[in-house]
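Visitor: Sending over a structure as structure tokens; questions will come in a sec.
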Amino acid sequence: MRKTIITLIMLVTFCFASVAAAAANPFSDVPANHWAYGAVKKLADAGIIDGADGKFNGDKTLTRYEIAQIVARAVAREDRANAANKLLINKLAKEFDNELKTLGVRVTSLENKVGPLKIDGWFKYRYENAETYNSVYFTKMGYDTPTKVRSRNEIWVNIANQFDGTTRFEGSLQNETASDNLDDSGIGSGSIIVKKAFMAYQAGQVELSAGRFFPTIGKGTLMSTPLMDGGHVAFANSRVSANLYAIHMSGQDINYKAGDLQYNFSKDFNMSLAYVADKQKAYYDSAAVGFEYKGIPTIALTGEYAVNRCDFAKTKSGLDDPYAYFIKAQYKGANPFEVGSTGLWVQYEKAADGFDLYANASPNAWPTAYNWSAGSGGGSANNLKGFSYGVETTLAQRMVLTATYNPLKSFNGQTERKLITGQLWYLF
Numbered sequence: 002m003r004k005t006i007i008t009l010i011m012l013v014t015f016c017f018a019s020v021a022a023a024a025a026n027p028f029s030d031v032p033a034n035h036w037a038y039g040a041v042k043k044l045a046d047a048g049i050i051d052g053a054d055g056k057f058n059g060d061k062t063l064t065r066y067e068i069a070q071i072v073a074r075a076v077a078r079e080d081r082a083n084a085a086n087k088l089l090i091n092k093l094a095k096e097f098d099n100e101l102k103t104l105g106v107r108v109t110s111l112e113n114k115v116g117p118l119k120i121d122g123w124f125k126y127r128y129e130n131a132e133t134y135n136s137v138y139f140t141k142m143g144y145d146t147p148t149k150v151r152s153r154n155e156i157w158v159n160i161a162n163q164f165d166g167t168t169r170f171e172g173s174l175q176n177e178t179a180s181d182n183l184d185d186s187g188i189g190s191g192s193i194i195v196k197k198a199f200m201a202y203q204a205g206q207v208e209l210s211a212g213r214f215f216p217t218i219g220k221g222t223l224m225s226t227p228l229m230d231g232g233h234v235a236f237a238n239s240r241v242s243a244n245l246y247a248i249h250m251s252g253q254d255i256n257y258k259a260g261d262l263q264y265n266f267s268k269d270f271n272m273s274l275a276y277v278a279d280k281q282k283a284y285y286d287s288a289a290v291g292f293e294y295k296g297i298p299t300i301a302l303t304g305e306y307a308v309n310r311c312d313f314a315k316t317k318s319g320l321d322d323p324y325a326y327f328i329k330a331q332y333k334g335a336n337p338f339e340v341g342s343t344g345l346w347v348q349y350e351k352a353a354d355g356f357d358l359y360a361n362a363s364p365n366a367w368p369t370a371y372n373w374s375a376g377s378g379g380g381s382a383n384n385l386k387g388f389s390y391g392v393e394t395t396l397a398q399r400m401v402l403t404a405t406y407n408p409l410k411s412f413n414g415q416t417e418r419k420l421i422t423g424q425l426w427y428l429f
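In the working numbering, the protein residues as written are 2 to 429.
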């Protein structure tokens with residue numbers, strides 16, 4: 002039996018520097034190593050801004066005036082930003098305050114801005130065809146059949162409100178109905194579930210929040226699960242972001258400690274450290290190291306390696322260090338606002354039996370046949386191995402079609418974990 006030992010070492014130096022807002026020449030170049038370039042690139046990647054010339058390339062120096070134009074766009078679109086990116090916008094606005102005033106942008110009101118209530122979301126139709134070795138992968142137990150076909154209709158609504166420059170609310174509601182070939186028709190009919198609902202207070206680069214969360218830890222191997230009640234502390238600047246959670250999953254008698262640290266080495270490369278454990282370390286005592294690389298044109302590479310050292314996972318798997326890992330390569334992608342845009346991806350994943358007993362892994366990082374019985378709504382890094390393939394394309398404005406094929410097997414290769422899906426999304 003293979004024995005795997007992982008040692009996670011990352012030395013991260015937090016550098017806090019205050020730059021005086023002197024009256025610099027607005028047409029002088031901003032040095033190539035200035036932190037503003039990394040901050041602008043992060044906002045561009047998030048779709049908040051597109052740069053002073055229509056597209057931020059990140060391969061040339063810009064003047065203070067040019068960057069101020071970019072920051073002005075970020076200020077105008079601040080409602081699109083998450084908590085970490087709002088911190089970056091505030092920091093950029095302070096750095097280029099004089100230039101923004103010249104442009105007539107009122108940044109002094111940004112920190113005290115009261116945002117209107119924002120509502121968006123999506124509707125999804127999903128077809129699933131799964132083969133597995135027993136019934137525990139299905140919502141309703143008691144069936145012993147090798148194949149299950151299901152269709153699902155799901156609506157997801159996001160609600161957000163920025164009360165002032167320091168306090169905000171975020172929430173998500175879900176309703177789902179499903180039917181299949183095993184007499185499970187109408188599952189979830191009429192039920193509205195609060196997947197996320199929390200209040201947050203921002204103090205500088207730190208945010209404190211309490212309520213119900215949907216945390217994604219690291220790259221998703223250890224946790225990406227809604228219905229997590231508790232508290233959260235976050236820190237973010239242009240290079241580093243960190244999260245700490247003390248949470249309890251609704252419906253489970255388990256308390257979790259979870260956290261991660263993400264460091265941007267460059268505009269194209271970042272790494273993460275992550276940790277998740279239940280209070281007694283009965284089922285989870287897990288650590289992971291992950292990466293994301295976008296330095297190859299039109300290609301994005303993502304991966305993560307993790308171990309779970311709890312006694313249950315060791316006993317269940319027969320390994321000294323039960324492990325899970327995935328590596329994914331994606332070519333381009335479907336932009337819901339660009340008709341005809343298309344993406345392809347291929348992934349290899351492998352996870353020991355007992356690694357993720359409660360299926361907390363991200364369905365994006367770990368698509369499996371567990372999709373309709375897990376709290377995560379589709380992820381499970383547990384007792385499987387094999388390749389996954391996917392394609393996505395934008396059929397019309399806000400309408401995306403995706404298809405996946407996952408010819409997976411159990412960790413020992415003896416049983417099937419095959420899954421085929423087709424999904425039609427509409428964003429509103």
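Heads up, the beta-carbon is just placed ideally off N, CA and C, and yes, glycines get one too.
Owing to the predicted nature of the structure, the values given are computational and were not obtained by experimental measurement.
Identify every run of the alpha helix (DSSP H) within the region 305-338, keeping only runs that are complete inside it and at least 4 residues long; order them along the chain.
Guide: 312-318
Visitor: How many whole angstroms separate the CB atoms of Ala289 and Glu208, which I take to be in contact at a CB cut-off of 8 Å?
Guide: About 23 Å; that fails the 8 Å criterion.
Visitor: Considering only residues of the same chain and omitting the five flanking positions on each side of Ala330, which have a CB-CB separation below 7 Å?
Guide: Ile300, Leu302, Trp346, Val347
Visitor: Where do the N-terminal and C-terminal ends of the alpha helix (DSSP H) with Tyr66 fall, by residue?
Guide: Per DSSP, Tyr66 belongs to the alpha helix (DSSP H) from 65-77.
Visitor: Spatial neighbours of Glu293 within its chain, please: CB distance less than 6 Å, with the 5 preceding and 5 following residues excluded, ordered by chain position.
Guide: Cβ neighbours of Glu293 beyond the five flanking positions: Asn271, Thr303.
Visitor: Can you find at least 3 beta carbon pairs, one from the region 248-258 and one from the region 317-330, that sit closer than 8 Å?
Guide: Because the criterion of three Cβ pairs below 8 Å is not met, the region 248-258 and the region 317-330 do not touch.
Visitor: From the DSSP output, which residues share a beta bridge with Ile248?
Guide: DSSP links Ile248 through a beta bridge to Gly231, Tyr257.
Visitor: Any heavy atom of the ligand NAD closer than 7 Å to the CB of Met200?
Guide: Ligands in the displayed structure: none, and consequently the ligand NAD is not present.
Visitor: What does the alpha-carbon distance come out to for the pair Phe388 and Asp165?
Guide: 47 Å
Visitor: CB Lys197 to CB Gln424, shorter than 8 Å?
Guide: no
Visitor: With Gly291 as the anchor, note down where its beta strand (DSSP E) starts and where it stops.
Guide: Counting along the chain, the unbroken beta strand (DSSP E) around Gly291 starts and ends at 286-294.
Visitor: Can you give me the start and stop residues for the alpha helix (DSSP H) that Gly39 sits inside?
Guide: Element bounds for Gly39: 36-46.
Visitor: The alpha helix (DSSP H) that contains Glu417, what's its start and end?
Guide: Per DSSP, Glu417 belongs to no alpha helix (DSSP H) and is neither H nor E.
Visitor: Indicate the three-state DSSP secondary structure (helix, strand or coil) for Arg399 in the structure shown.
Guide: The answer is coil: DSSP assigns Arg399 none of H, G, I, E or B.
Visitor: Kindly confirm or deny that the region 68-83 and the region 42-52 touch, where touching means at least three C-beta pairs closer than 8 Å.
Guide: The region 68-83 makes contact with the region 42-52, as at least three CB pairs between them are under 8 Å.
Visitor: Should Lys280 go down as buried or exposed, given a rule of 16 or more other Cβ atoms within 10 Å for buried?
Guide: That one is exposed.
Visitor: What residue does the alpha helix (DSSP H) around Lys125 start on, and which one ends it?
Guide: That residue, Lys125, is in no alpha helix (DSSP H); its beta strand (DSSP E) goes 119-132.
Visitor: In the DSSP assignment, find the unbroken alpha helix (DSSP H) run with Ala85 in it and report its ends.
Guide: 84-96
Visitor: For the beta strand (DSSP E) containing Asn271, name the first residue and the last one.
Guide: 270-279
Visitor: Starting from Arg213, trace the beta strand (DSSP E) in both directions and tell me its first and last residue.
Guide: 207-214
Visitor: Considering Cα atoms alone, identify which of Phe214, His233, Arg65 is closest to Gln203.
Guide: His233
Visitor: With 16 other CB atoms within 10 Å as the buried threshold, where does Gly205 fall?
Guide: exposed
Visitor: With 16 other CB atoms within 10 Å as the buried threshold, where does Lys220 fall?
Guide: Counting Cβ neighbours within 10 Å, Lys220 comes out buried, since at least 16 surround it.
Visitor: Pull the bridge partners of Leu428 from the DSSP assignment, please.
Guide: Trp123
Visitor: CB Ala360 to CB Asn336, shorter than 8 Å?
Guide: no
Visitor: What are the boundary residues of the beta strand (DSSP E) that Gly344 is part of?
Guide: 343-352
Visitor: My guess is that Lys42 and Lys268 are in contact by the Cβ rule of under 8 Å, so how many angstroms apart are they, rounded?
Guide: 4 Å
Visitor: For Gly39, tell me which candidate among Val241, Glu155, Ala211, Arg153 has the shortest Cα-Cα distance.
Guide: Val241
Visitor: Residues bridged to Ala301 by DSSP?
Guide: Gln331
Visitor: Could you spell out the range, first to last residue, of the beta strand (DSSP E) harbouring Ile50?
Guide: Taken as a continuous stretch (DSSP letters only), Ile50 belongs to no beta strand (DSSP E), as it is neither H nor E.
Visitor: Between Asp230, Leu88, Val392, Leu358, which has its C-alpha nearest Ser239's C-alpha?
Guide: Leu88
Visitor: What residues match up with Lys282 in a beta bridge as DSSP calls it?
Guide: DSSP output for Lys282 lists no bridge partner at all.
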